[in-house]
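The structure appears right after this line, and notes come after that.
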Amino acid sequence: MSSLEIVGLRAIEYVTALNALRKSKYALLERMALYDKGFNGGRRVTRDNPLYENLEAFCFYEFRDKYKARSEANNAKRRLMRAVLKHESGVA
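Mapped onto UniProt numbering, the consecutive letters of the sequence shown carry residue numbers 1 to 92.
As structure tokens, then:
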């Protein structure tokens, strides 16, 4: 496989990772809205509300997926940049 093909594959990998990150962000917002309405009688969740701790735990697990997606996107970006540099320097 040529270095230019590797750059192309890394670019596709990066775009895919970014899309996964974007989807995880919107999915998180949707799930938080559902959580707020479904588990709190439609009231806002605040620190005074007994559900606050549960929401905090919920957010921790949901954000964990988002940070994982962000990390994967960053790793894909690094691999893309390495592939581009190798291609430009003719090392691959």
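Note that CB positions come from ideal geometry on N, CA and C, so glycine has one too.
Pairwise C-alpha distance: residue j and residue i
{"i": "His87", "j": "Lys68", "result": "29 Å"}
{"i": "Asn75", "j": "Arg22", "result": "16 Å"}
{"i": "Glu5", "j": "Ile12", "result": "11 Å"}
{"i": "Thr16", "j": "Ser71", "result": "13 Å"}
{"i": "Ala73", "j": "Ser2", "result": "23 Å"}
{"i": "Gly90", "j": "Arg64", "result": "39 Å"}
Cβ shell of residue i (< 6 Å), same chain only, five flanking positions each side left out
{"i": "Leu85", "result": "none"}
{"i": "Arg10", "result": "Arg79, Leu80 and Ala83"}
Residue environment, residue i, which counts as buried when at least 16 other CB atoms sit within 10 Å
{"i": "Val7", "result": "buried"}
{"i": "His24", "result": "Looking at the sequence provided, one finds Ser at residue 24 rather than His. Buried."}
Cβ pair residue i, residue j closer than 8 Å
{"i": "Tyr14", "j": "Lys66", "result": "no"}
Same chain, Cβ closer than 7 Å to residue i, neighbours up to 5 away in sequence not counted
{"i": "Leu18", "result": "Ala73"}
Residues of its chain near residue i, where Cβ-Cβ distance is below 8 Å and the 5 sequence neighbours each way are ignored
{"i": "Ala20", "result": "Ala69, Glu72 and Ala73"}
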